[in-house]
Ligand SMILES: [Zn+2]
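Residue numbers (our numbering): 1 to 273.
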C-alpha cells in the first residue's frame, strides 16, 4: 500500500492508493475549517522529514500522553487496563522513536477514538502494534477516510480491555465516545477520557459544544442528556484530548458546568449580558 495521505489541517489519514479527495470532508464540515491557504495533503514521511516527532510523556500513574504538533495537535492517551494498554485517540503521525517508547510501556492492545477529528494515523498505530483492533463508534463510521483493516464498530457500552469501558455520549458528534477507568486497589484515581465531547477548559472546568474552533453551541436538552449519561460514572478526573484535566472532583464539575450551560442557553443569566 502507498503511504496514506494525511490532511495537513486535521492530520486524519486517507487511502494512499487513490487521489485524496479535493477537500478533506472532516475539515469542510462546519465543526472544523479549511485553512485560508486551502486544502493541503502530506504524508507521515514528509512530516518526519520536516522534523515532527511524537512526544511521549507521563500524565498520571498508568497514563501517558502522545503528542504530535501536526494537524489539530491532540494529545492521545495511552492508558493501562488490568491487562493491556488502550490508545484513546491517535496522534496524526507515527515515528520509530515513539513506537519504541510505547513498546517499552507495554505496547498497544486496542485503539479507540473519541470522534472523527481524532482518527489521526490510527491505521499506522494499529499496524505498528500487531494489528491492534481499532474501535470506531458506529454512528461516526461514515467519517472514516482510511478504514483500518482491523476496524470494529460498536454502539453499546462495553469493556474494550479489562477494566476500561467505552461509552457513547453524543453531542459534539452523534458517536462521540468516552473511556472510563475506575479507581483501583493501587490507589489510582478514576478517570474519564472525554476527547472533546466534554471539553476541559483552562482552569479545569468543562464545556460542551457542537463545534469548537467554530464555536457552535449545543441545546440545553442535549447537555442534560450528556450529563445524565455521565452521572453513572464516579469520576475523579476528566482528561481531554489536549492533555488538560479537571482539578476538582470530576463528577461534580460535569454536573455543575452542565447546569451552568443549560441555564445560560435557557436565558437564566440574560440580565448579565
Ligand atoms: Zn482535514
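The beta carbon of each residue, even a glycine, is placed where N, CA and C say it ideally should be.
Computed from a predicted structure; not experimentally measured.
**Prompt:** Any chance the CB of residue 275 is under 6 Å from a heavy atom of ligand 1?
**Reply:** For residue 275 there is no data in the structure shown, the boundaries of the chain being 1 and 273.
**Asked** What residue range is occupied by the uninterrupted alpha helix (DSSP H) comprising residue 259?
**Response** Segment 250-265, the alpha helix (DSSP H) holding residue 259.
**Prompt:** Assuming residue 98 contacts residue 134 under a Cβ cut-off of 8 Å, what Cβ separation, rounded to an integer in Å, is found between them?
**Reply:** Going by Cβ atoms, the distance from residue 98 to residue 134 rounds to 18 Å, so no, they are not a contact pair.
**Prompt:** Comparing alpha-carbon positions, which option in 136, 50, 139 lies nearest residue 68?
**Reply:** Relative to residue 68, the option among 136, 50, 139 whose CA is nearest is 50.
**Asked** Rounded to a whole number of angstroms, what is the C-alpha to C-alpha distance between residue 25 and residue 11?
**Response** Going by the C-alpha atoms only, they are around 12 Å apart.
**Asked** Just the Cα atoms here: how many angstroms apart are residue 155 and residue 172?
**Response** 16 Å
**Asked** Is the closest heavy atom of ligand 1 to the C-beta of residue 9 under 6 Å?
**Response** yes
**Asked** Should the stretch 180-192 be called in touch with the stretch 103-116, which here means at least 3 C-beta pairs below 8 Å?
**Response** no
**Request:** State whether the stretch 150-169 contacts the stretch 213-220, with contact taken as three or more CB pairs (one from each stretch) at a distance under 8 Å.
**Result:** no
**Anticipated Cβ contact below 8 Å, residue 59 with residue 76, distance rounded** = Wrong, their Cβ atoms sit about 11 Å apart, outside the cutoff.
**Asked** Between residue 192 and residue 206, is the Cβ-Cβ spacing less than 7 Å?
**Response** no
**Request:** Can you give me the Cβ contacts of residue 218 inside the same chain, cut-off strictly under 7 Å, excluding the 5 residues immediately before and after it?
**Result:** 171, 208, 209, 210
**Prompt:** So residue 245 packs on residue 237, CB below 8 Å; how close in whole Å?
**Reply:** 5 Å
**Prompt:** Counting along the chain, where does the beta strand (DSSP E) carrying residue 76 start and finish?
**Reply:** 75-80
**Message:** Taking the beta carbon of residue 83 as the centre, do at least 16 other beta carbons fall within 10 Å, making it buried, or is it exposed?
**Reply:** exposed
**Message:** Less than 7 Å between the beta carbons of residue 175 and residue 137, yes or no?
**Reply:** Residue 137 sits close to residue 175, with the two beta carbons spaced by under 7 Å.
**Item:** Residues of its chain near residue 131, where Cβ-Cβ distance is below 8 Å and the 5 sequence neighbours each way are ignored
**Value:** 149, 150
**Item:** Local Cβ density within 10 Å of residue 117, reported as buried at 16 or more and exposed below that
**Value:** buried
**Message:** Comparing C-alpha positions only, which one of 128, 200, 92, 203 sits nearest to residue 113?
**Reply:** For residue 113, the nearest C-alpha among the options comes from 92.
**Item:** Where residue 31 sits in the DSSP three-state scheme
**Value:** coil
**Request:** Going by DSSP, name the residue or residues bridged to residue 181.
**Result:** 191
**Message:** So for residue 228, helix, strand or coil by DSSP?
**Reply:** helix
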